[in-house]
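Q:
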Amino acid sequence: MENAVVINGLTKEYKDFKLGELNTAIPRGFATALIGANGAGKTTLIDILCGVTGRTSGETVYFGDMTDIDSDALRNRIGYCSAANYFPLDWKLTTIADSMEIGFDNFDRAKFGLLCKRFKVGEKTGKKSKSLVKMSDGNRMRTYLAAVLARDTDLLVLDEPGSSLDPLARDMLCDMFREYLSERDGERTILFSTHNIADMEFATDYAIFMAEGRIVEQGFVEDLKQKYILVHGDAEYAEKARPFMLSQSGGRSGFEGIALAENAEMLSAFDTAIETPTLQQLSIGILRKAEEDE
Amino acid sequence: MNNRITLSKAMKLYNGRSMPELILKMSLLSMGVYALMLAFIFLIGLAGGDDSVTVRSEMAGSLMADSFFMISAGLINIIMAQMTYEKHMPGGKFFRTVKGGFDTYKKASTAICISRVAIAAIITAFASLLHISGIVPMKYGIVTTVTVFVLVLVAMCICNFLSMRLSSTVSFFFALIIYFVIGIAAVIILEVTGGTPGIVQLVPAVTTAVLLPVSHNMLMKVYKEKRWN
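Taken in sequence, the protein lines are chains A and B.
Note that the numbering used here has the first sequence beginning at 732, numbered continuously upward.
Note that the numbering used here has the second sequence beginning at 6, numbered continuously upward.
(1) Since B/R101 and A/V783 are thought to touch, with beta carbons under 8 Å apart, how far apart are those beta carbons, to the nearest angstrom?
(2) Who are the neighbours of A/C781 on chain B, taking C-beta pairs under 9 Å?
(3) Considering only the alpha carbon of each residue, which of B/W233, B/N165, B/L158 and B/V186 lies closest to B/L207?
(4) Between the beta-carbon of A/F933 and the beta-carbon of A/P892, is there less than 8 Å?
(5) Our contact map puts B/F99 next to A/Y817 with C-beta atoms below 8 Å; I'd like the distance itself, whole angstroms only.
(6) Between B/A65 and B/I137, what straight-line distance do the alpha-carbon atoms span, to the nearest angstrom?
(7) When burial is assigned at 16 or more other CB atoms within 10 Å of the CB, is A/Q1012 buried or exposed?
(8) Could you check what DSSP says for B/Y2 in three-state terms: helix, strand or coil?
(9) For A/F986, which beta-bridge partners are listed by DSSP?
(10) With a cut-off of 8 Å, does the C-beta of A/L753 fall near any C-beta of chain B?
(11) Which of the residues in the region 8-20 of chain B, read from start to end, lie with their CB under 9 Å from any CB of chain A?
(12) Are the C-beta of B/G106 and some C-beta of chain A separated by less than 8 Å?
(13) Can you give the beta carbon distance from A/Y911 to A/L887, rounded, assuming they're within the 8 Å contact cut?
(14) According to the Cβ coordinates, are A/S980 and A/E987 closer than 8 Å?
(15) What residues from the region 792-812 of chain A come within 8 Å of chain B, judged by C-beta to C-beta, listed N to C?
(16) Label B/P95 either buried or exposed according to how many other C-beta atoms from any shown protein chain fall within 10 Å of its C-beta, with 16 as the threshold for buried.
(17) Quick one: list the residues of chain A neighbouring B/K92, beta-carbon separation under 9 Å, in chain order.
(18) Using a cut-off of 7 Å between C-beta atoms, extract the partners of B/P3 located in chain A.
(19) Is the beta carbon of A/A756 closer than 8 Å to that of A/I779?
(20) For A/F818, would you say it is in contact with chain B, using Cβ-to-Cβ distances shorter than 8 Å as the test?
(21) From A/R915 to A/F761, what does the alpha carbon distance come to, in whole angstroms?
(22) In the DSSP assignment, find the alpha helix (DSSP H) that holds A/L824 and state where it starts and stops.
(23) A/T920 to A/D885, Cα distance in whole Å?
(24) Is there a Cβ of chain A sitting closer than 8 Å to that of B/P25, yes or no?
(25) For A/F835 and chain B, any beta-carbon pair shorter than 8 Å?
(26) Tell me the DSSP bridge mates of A/P758?
(27) With DSSP collapsed to three states, give me the class of A/G869.
(28) Hey, A/Q957 and A/A900 are a contact pair by Cβ (cut 8 Å); roughly how many whole angstroms apart?
(29) From the beta carbon of B/P95, is the nearest beta carbon of chain A less than 8 Å away?
(30) Closer than 8 Å by C-beta to A/G853: which residues in its own chain qualify, once you throw out the five before and the five after it? Chain order, please.
(31) Strictly by DSSP, which residues pair up with A/G767?
(32) Answer yes or no: does any C-beta atom of chain A fall closer than 8 Å to that of B/N234?
(33) So, with DSSP's three-state summary, where would you put B/V175?
(34) Decide yes or no for the touch test of the region 75-83 of chain B against the region 28-37 of chain B: beta carbon pairs closer than 8 Å, at least 3 of them.
(35) According to DSSP, which residues form a beta bridge with A/I809?
(36) Tell me whether the beta-carbon of A/L765 lies closer than 8 Å to the beta-carbon of A/I939.
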């Protein structure tokens, strides 16, 4: 399997936070979700990968042989969008198109117009075009996404793209992820961060879980669903099952948690129900375990 | 080094307006502020019962028009000094990912610096023309406009040096103080010299001609090292 990005020994040190050392890879041709709680280091990692923030140490290799994020050739291949305020708030759609056209060689003005229509954020040349400051948070994010998706890129890096979108728009975003990946079969890659994976699960192929600046788990979603199990049980067995569980929660009526699939046989002895976890359930289990370990 | 993006295009990328467009708009704003202040005082004079000739001669005998010119030139210059693009500000992250990266940022900043000088020169020419034509006479006339123009450039240099060490927010407050002090200095210079041009205008003019590009380049170098990433 080819990788779009390979991260070797990446670190970033702030006064009160340290990212890494990170060693991982983003598989080419898939949508990878960076999952973690607030402050896990997702945005810092994304900012480093896109040249917004410098690294303290380590190396990143893009598309097999590109390492200089400051080179225009590499910048043109990466479509990046921050979680908020991607553009100055007094900008209108026309201003955005003008600026993107100068800033990137592969920005398609006509496509931007079509995407704005599809996202229902207005006509870019219309007199009624509103400035970003007058838009809702959701419409601002739709506009940012339209601008980024209007570029012909190989890697899309989006920081919390779904957090300010309504359920319908999130669903449309998932469809657009699929379209983006299928347009050049296997050549394009998406990396996006989220702290609420539930609405983006459909669009996620590969997941990287982060906590406290470290990667605590990663893998293809289908593999992770085989590696872990979701366990339900009666409250009376909660304590007996605990040693075999990765993370567990519950009350008087019963318990629920994530465990390694290899413990399924042991756990079934405690009259438990075992299911395949959703990515959301996996996230909670894995991140809770990481929090407990800290 | 990315040579494809011109200064004007870099400014359009960062501001949504090209360099000529920004200079034109801000010059008009600057001249508008000056004209409004003058009109306001003129109308107050007329409302007080004086005729227009008396009001104009009173303005010519005082530093009123001179002061309004200082405020107009300084105000727009200080507003434009706030066109900074820190990472945490809206658009800050976008600008760090565009073609040319820091080189484009440097070009946009240089374009703003040049625009500030051009706008100060335009308002200076405007005020000078009003004085020469006799529409709005100043107490010290062209000497006022030239002195203020030179001192605005001095203020720009000082602010550049301060910005190398201070954050954009702190720099802004210092800039307000600096422009205020420079305004007071202009009044003192004009009153002490009696509006006679000389070494007091010449020395800062020559110094800033050298120091403004030097301080701007130094600021860019420090910004890249300490704040860009």
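For each residue, glycine too, the CB sits at the ideal point set by N, CA and C.
A: This is what the structure gives:
(1) Position 96 of the second sequence, counting from 1, holds the residue named residue 101 of chain B. Position 52 of the first sequence, counting from 1, holds the residue named residue 783 of chain A. Cβ atoms of B/R101 and A/V783 come within 8 Å of each other, at about 5 Å.
(2) To locate residue 781 of chain A, count along the first sequence from 1; it is residue 50. From the beta-carbon of A/C781, the residues of chain B found nearer than 9 Å are K98, R101 and T102.
(3) Numbered from its first residue, the second sequence carries residue 207 of chain B at position 202. Among B/W233, B/N165, B/L158 and B/V186, the Cα nearest to that of B/L207 belongs to B/L158.
(4) Here residue 933 of chain A is taken as the residue at index 202 of the first sequence, counted from 1. Here residue 892 of chain A is taken as the residue at index 161 of the first sequence, counted from 1. Between A/F933 and A/P892, the gap from beta carbon to beta carbon reaches 8 Å or more.
(5) To locate residue 99 of chain B, count along the second sequence from 1; it is residue 94. To locate residue 817 of chain A, count along the first sequence from 1; it is residue 86. Indeed they touch by this definition, with Cβ atoms about 5 Å apart.
(6) Position 60 of the second sequence holds residue 65 of chain B. Position 132 of the second sequence holds residue 137 of chain B. Using only the alpha carbons, I get a separation of about 12 Å.
(7) Taking the first sequence and counting its residues from 1, the one referred to as residue 1012 of chain A is at position 281. Buried: at least 16 other Cβ atoms inside 10 Å.
(8) The question about residue 2 of chain B has no answer here: the residues shown for chain B are numbered 6 through 234.
(9) Counting from one through the first sequence, the residue named residue 986 of chain A turns up at place 255. Bridge partners of A/F986: A/G964 and A/G981.
(10) By 1-based counting over the first sequence, the position of residue 753 of chain A is 22. Output row for A/L753: interface = no.
(11) Taking 9 Å as the Cβ-Cβ cut-off against chain A, the residues of the region 8-20 of chain B that qualify are R9, I10, K14, A15, K17, L18, Y19 and N20.
(12) Here residue 106 of chain B corresponds to residue number 101 of the second sequence, with the count starting at 1. At a cut-off of 8 Å between C-beta atoms, B/G106 counts as an interface residue with respect to chain A.
(13) In the first sequence, residue 911 of chain A corresponds to position 180, counting from 1. In the first sequence, residue 887 of chain A corresponds to position 156, counting from 1. Right, their Cβ atoms sit about 6 Å apart.
(14) Position 249 of the first sequence, counted from the first residue, corresponds to residue 980 of chain A. Position 256 of the first sequence, counted from the first residue, corresponds to residue 987 of chain A. Yes; because the gap between Cβ atoms is below 8 Å, this pair is in contact.
(15) Within the region 792-812 of chain A, the qualifying residues are D801, D803, R806, N807, I809 and Y811.
(16) In the second sequence, the residue the question calls residue 95 of chain B occupies position 90. B/P95 is buried by the Cβ-count criterion.
(17) Reading the second sequence from its first residue, position 87 is the one you call residue 92 of chain B. Here the neighbours are D778, V783 and T784.
(18) In the structure displayed, chain B extends from 6 to 234; residue 3 of chain B sits before or after that span and is not available.
(19) Numbered from 1 along the first sequence, position 48 holds the residue referred to as residue 779 of chain A. Numbered from 1 along the first sequence, position 25 holds the residue referred to as residue 756 of chain A. The Cβ-Cβ distance between A/I779 and A/A756 does not fall below 8 Å.
(20) Translated into the one-based positions of the first sequence, residue 818 of chain A becomes position 87. Yes - at least one Cβ of chain B is within 8 Å of the one on A/F818.
(21) For this step, residue 915 of chain A is matched to residue 184 along the first sequence. For this step, residue 761 of chain A is matched to residue 30 along the first sequence. Our two residues, A/R915 and A/F761, have alpha carbons roughly 12 Å apart in a direct line.
(22) Working through the first sequence from its first residue, we reach residue 824 of chain A at position 93. Counting along the chain, the alpha helix (DSSP H) containing A/L824 begins and ends at L824 to G834.
(23) As a first step, residue 920 of chain A is located in the first sequence; it is residue number 189 there, counting from the start. As a first step, residue 885 of chain A is located in the first sequence; it is residue number 154 there, counting from the start. Looking at the two C-alpha atoms, the distance is approximately 6 Å.
(24) Locating residue 25 of chain B in the second sequence gives position 20, where the first residue counts as 1. Using beta-carbon distances, B/P25 does not count as an interface residue toward chain A, since no partner is under 8 Å.
(25) As a position in the first sequence, residue 835 of chain A is number 104, starting the count at 1. A/F835 counts as touching chain B.
(26) Taking the first sequence and counting its residues from 1, the one referred to as residue 758 of chain A is at position 27. For A/P758, which the question treats as bridged, DSSP gives the partners A/N734.
(27) In the first sequence, counting from the first residue as 1, residue 869 of chain A sits at position 138. DSSP places A/G869 in helix when its eight states are reduced to three.
(28) What you label residue 957 of chain A is simply residue 226 of the first sequence in a count that begins at 1. What you label residue 900 of chain A is simply residue 169 of the first sequence in a count that begins at 1. Approximately 32 Å separates the beta-carbon atoms of A/Q957 and A/A900; this is outside 8 Å, ruling out the contact.
(29) Locating residue 95 of chain B in the second sequence gives position 90, where the first residue counts as 1. Yes - at least one Cβ of chain A is within 8 Å of the one on B/P95.
(30) If you number the first sequence from 1, residue 853 of chain A lands on position 122. Cβ within range, chain order: L824, C847, K859, S860 and K861.
(31) Here the question's residue 767 of chain A lines up with position 36 in the first sequence. Residue pairing by DSSP puts A/G767 in a beta bridge opposite A/M941.
(32) The sequence position of residue 234 of chain B within the second sequence is 229, counting from 1. Look at B/N234: its C-beta is under 8 Å from a C-beta on chain A.
(33) The sequence position of residue 175 of chain B within the second sequence is 170, counting from 1. Three-state result, B/V175: helix.
(34) They touch, by the three-pair rule.
(35) Position 78 of the first sequence holds residue 809 of chain A. In DSSP, A/I809 forms a bridge with A/L886.
(36) Here residue 765 of chain A refers to the residue found at position 34 of the first sequence. Here residue 939 of chain A refers to the residue found at position 208 of the first sequence. Yes, they are a contact pair.
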